[in-house]
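The structure under discussion appears below in the form of structure tokens.
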Amino acid sequence: MEMHGERRIPASREAVWARLNDPDTLKECIPGCQSVEKMSDTEFTAKVRAKVGPVSANFAGKVTLSDLDPPAGYTISGEGTGGVAGFAKGSAHVTLEEDGAETVLRYGVEAQIGGKLAQIGSRLIDGTAKKMADDFFSRFVTVMSPAAPPGSP
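If you want it as structure tokens, here you go:
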């Protein structure tokens, strides 16, 4: 499965880079995330509860950052197991480009799944993966957006 996307974030590239590497921000933005722990500057562990069609599972996994080019981008690779539900692994190439006072975040994702999840059907899995990516980036943009002034609607 492959996905590509782009988001405009109302913050500097340095601020976006810092938050993309912050475990608390990641936990807040990853749908179903129960924990994110930073093991080193290039490794995190995470626990995520995910539901794909009729299959619901807790995934535990490891995330590794490579091709680091701060604050322009990196490759993020991960692998997680969800017990009898199966496994998921993949990578995303993320680039950050300055555009005035904003940052354009572009990503390309490649992923593979196995076990019960692989039996569900690619259309359902692709739809769930796209929704999770959309939810993550929507939450990330919200976290990175300046707070509304007091008294605004």
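Just add 745 to the spot in the sequence shown (first one is 1) and you have the working numbering.
The beta-carbon is built from N, C-alpha and C at its ideal position, and this holds for glycine as well.
Classify residue i: buried if its beta carbon has 16 or more other beta carbons within 10 angstroms, exposed otherwise.
i, result
"Met-784", "exposed"
"Gly-845", "exposed"
"Gly-818", "buried"
Excluding sequence positions up to five away, which residues of its chain have a Cβ less than 7 Å from the Cβ of residue i?
i, result
"Thr-724", "The displayed coordinates of the chain run from 746 to 898. Any statement about residue 724 would go beyond what the structure contains."
"Pro-891", "Pro-755"
"Pro-816", "Arg-758, Glu-759, Trp-762, Leu-841"
"Lys-875", "Met-748"
"Ala-863", "Gly-831"
"Val-886", "Arg-752, Ile-754"
Look up residue i in the DSSP assignment and give the residues it is bridged to.
i, result
"Leu-841", "Leu-850"
"Phe-832", "Thr-826, Gly-859"
"Thr-820", "Ser-811, His-838"
"Ala-791", "Val-781, Gly-806"
"Glu-751", "Arg-851"
"Lys-796", "Ser-801"
Who are the near neighbours of residue i in its chain, counting only those whose CB is closer than 8 Å to its CB and skipping five residues on each side?
i, result
"Thr-826", "Phe-804, Ala-805, Gly-806, Phe-832"
"Glu-751", "Val-849, Leu-850, Arg-851, Tyr-852"
"Pro-768", "Val-781, Glu-782, Lys-783, Phe-789"
"Gly-828", "Ala-802, Asn-803"
"Gly-860", "Gly-827, Val-829, Ala-830, Gly-831, Phe-832"
Leaving out five residues before and five after residue i in sequence, what residues of the same chain have Cβ atoms less than 6 Å from its Cβ?
i, result
"Lys-792", "Gln-779, Ser-780, Ala-805"
"Glu-747", "Glu-855"
"Arg-884", "Cys-774"
"Leu-810", "Thr-787, Tyr-819, Ile-821"
"Ser-867", "none"
For residue i, which three-state DSSP category applies?
i, result
"Ser-757", "coil"
"Ser-867", "helix"
"Met-746", "coil"
"Asp-731", "Residue 731 cannot be examined here, being either before or after the span of the chain that is shown, 746 to 898."
Mind checking whether the beta-carbon of residue i lies closer than 8 Å to any heavy atom of the ligand HEM?
i, result
"Val-854", "The ligand HEM is absent from the structure shown, which contains no ligands of any kind."
Less than 9 Å separating the beta-carbons of residue i and residue j?
i, j, result
"Ile-710", "Ala-837", "Within the shown structure, residues of the chain are numbered from 746 to 898, placing residue 710 beyond reach of any answer."
"Gly-823", "Ile-865", "no"
"Glu-843", "Arg-753", "no"
"Pro-776", "Asp-871", "no"
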